[in-house]
């Protein structure tokens, strides 16, 4: 089993839809959870960051972490065509030294929001 | 403008011909990292550097070298490139504590083809 699993999609939704993106993981040491957004032909950019379990909201975006299930989610409300991109989850273990400097990424989910 | 720059953006080369991909950041960041992105495999970390003269291996370091002689620069060296190193490469940086806790900024990417 890979450390981080993410459905690559593609996922196509109409404008205004609620989008749910998910990742599962196997390493119980992961404590830091991130979502990156990558537009075509661009580098990834950090979208959301969560430490340990719980929810975090930022505008139309909500990140959820369920450590008991080893499952993280990103919800996008009122999706817009400008949200069309690849979304990558990333995670890192708690710790000092080297472990805190390494990220493990999911493969990314390609999302298209149709006008 | 705060940014991470990479050069070249596109490169086609032949097996065995040494090459260097440069990376530079103007944000006074201590942490820098190199990733490669491949279809079906996602984003994988090659090497990272916590500060000047301090580097460590990521998940896929074989066939690559790095150096960090100055804070702003973190070149990626392929001593003897092979076709399996054909990929999209990203350089990234973050302020101090690494990508788990500090926002990581990515460069625009270098598309490398090794024939």
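Residue numbers (our numbering), protein chains in the order written: chain Z, 1 to 115; chain D, 1001 to 1115.
Where is the CB? At the ideal position from N, CA and C, for every residue including glycine.
Because the structure is a prediction, the values reported are computed rather than measured.
Worksheet item: residue 1104 of chain D by DSSP, collapsed to three states: which one?
Response: Here residue 1104 of chain D sits in coil by DSSP.
Worksheet item: Looking at C-beta atoms only, is the number of pairs between the segment 1033 to 1053 of chain D and the segment 1086 to 1093 of chain D that lie closer than 8 Å three or more?
Response: Yes, the segment 1033 to 1053 of chain D is in contact with the segment 1086 to 1093 of chain D.
Worksheet item: Would you report the Cα separation of residue 61 of chain Z and residue 73 of chain Z, rounded to the nearest angstrom?
Response: So the two alpha carbons sit approximately 10 Å from each other.
Worksheet item: Who are the Cβ neighbours of residue 1043 of chain D in its own chain at under 8 Å, not counting the five residues just before and after it?
Response: Its chain contains 1035, 1036, 1037, 1090 as the residues whose beta carbon lies nearer than 8 Å to that of residue 1043 of chain D, once the 5 sequence neighbours on both sides are disregarded; these appear in chain order.
Worksheet item: Taking three-plus beta-carbon pairs below 8 Å as touching, is the segment 67 to 87 of chain Z in contact with the segment 1012 to 1025 of chain D?
Response: Too few Cβ pairs lie closer than 8 Å, so no.
Practice prompt. Would you mind giving the Cβ-Cβ distance between residue 75 of chain Z and residue 12 of chain Z, rounded to the nearest angstrom? I have them listed as a contact below 8 Å.
Written response: At roughly 17 Å, the Cβ-Cβ gap does not stay under 8 Å, so residue 75 of chain Z and residue 12 of chain Z are not in contact.
Discussion item. Using 9 Å as the threshold, is the C-beta distance between residue 1061 of chain D and residue 92 of chain Z below it?
Written reply: In this structure, residue 92 of chain Z does not lie closer than 9 Å to residue 1061 of chain D by Cβ.
Item to complete: Could you confirm whether any beta carbon from chain D is found closer than 9 Å to the beta carbon of residue 54 of chain Z?
Response: Between residue 54 of chain Z and chain D, the shortest Cβ-Cβ separation is not below 9 Å.
Practice prompt. State the Cα-Cα distance for the pair residue 6 of chain Z and residue 35 of chain Z, rounded to the nearest angstrom.
Written response: Whole-angstrom Cα-Cα distance: 12 Å.
Discussion item. Taking CB distances under 9 Å as the criterion, tell me whether residue 1081 of chain D reaches chain Z.
Written reply: Output row for residue 1081 of chain D: interface = no.
Worksheet entry | Residue interval of the beta strand (DSSP E) (run including residue 93 of chain Z) | It spans 85 to 93 - the beta strand (DSSP E) in which residue 93 of chain Z sits, taken as one unbroken run.
Discussion item. I need the boundaries of the beta strand (DSSP E) containing residue 1090 of chain D, first residue and last residue.
Written reply: Segment 1087 to 1094, the beta strand (DSSP E) holding residue 1090 of chain D.
Worksheet entry | Boundaries (first-last residue) of the beta strand (DSSP E) holding residue 1078 of chain D | For residue 1078 of chain D, the enclosing beta strand (DSSP E) begins and ends at 1076 to 1078.
Worksheet item: For residue 82 of chain Z, does the three-state DSSP call read helix, strand or coil?
Response: Residue 82 of chain Z: helix per DSSP, three-state reduction.
Worksheet item: Using a Cβ-Cβ distance under 9 Å, would residue 101 of chain Z count as near chain D?
Response: Yes, residue 101 of chain Z counts as interfacial toward chain D.
Discussion item. As a quick exercise: from D/1096, D/1030, D/1059, D/1064, pick the residue whose alpha carbon is nearest that of residue 1073 of chain D.
Written reply: Measuring C-alpha to C-alpha distances from residue 1073 of chain D to each of D/1096, D/1030, D/1059, D/1064 identifies D/1030 as the nearest.
Fill in: Listed by chain order, chain Z residues near residue 1090 of chain D by CB distance under 9 Å
Against residue 1090 of chain D, the close residues of chain Z are 43, 44, in the order they occur along the chain (beta-carbon pairs closer than 9 Å).
Worksheet item: Going by other Cβ atoms of all chains shown within 10 Å of its Cβ, with 16 needed for buried, is residue 69 of chain Z buried or exposed?
Response: When all chains shown are included, residue 69 of chain Z counts as exposed.
Practice prompt. Taking only runs that begin and end inside the segment 11 to 46 of chain Z, name each unbroken beta strand (DSSP E) of 3 or more residues, in chain order.
Written response: Runs of the beta strand (DSSP E) inside the segment 11 to 46 of chain Z: 11 to 14, 19 to 25, 30 to 38.
Item to complete: Output the residue ranges of the beta strand (DSSP E) runs that lie fully inside the segment 1012 to 1046 of chain D and measure 3 residues or longer, sorted by chain position.
Response: Within the segment 1012 to 1046 of chain D, complete beta strand (DSSP E) segments of at least 3 residues are found at 1019 to 1025, 1031 to 1038, given in chain order.
Fill in: Straight-line gap, residue 1014 of chain D to residue 1079 of chain D (C-alpha atoms, nearest Å)
If I take the Cα positions, the gap works out to 12 Å.
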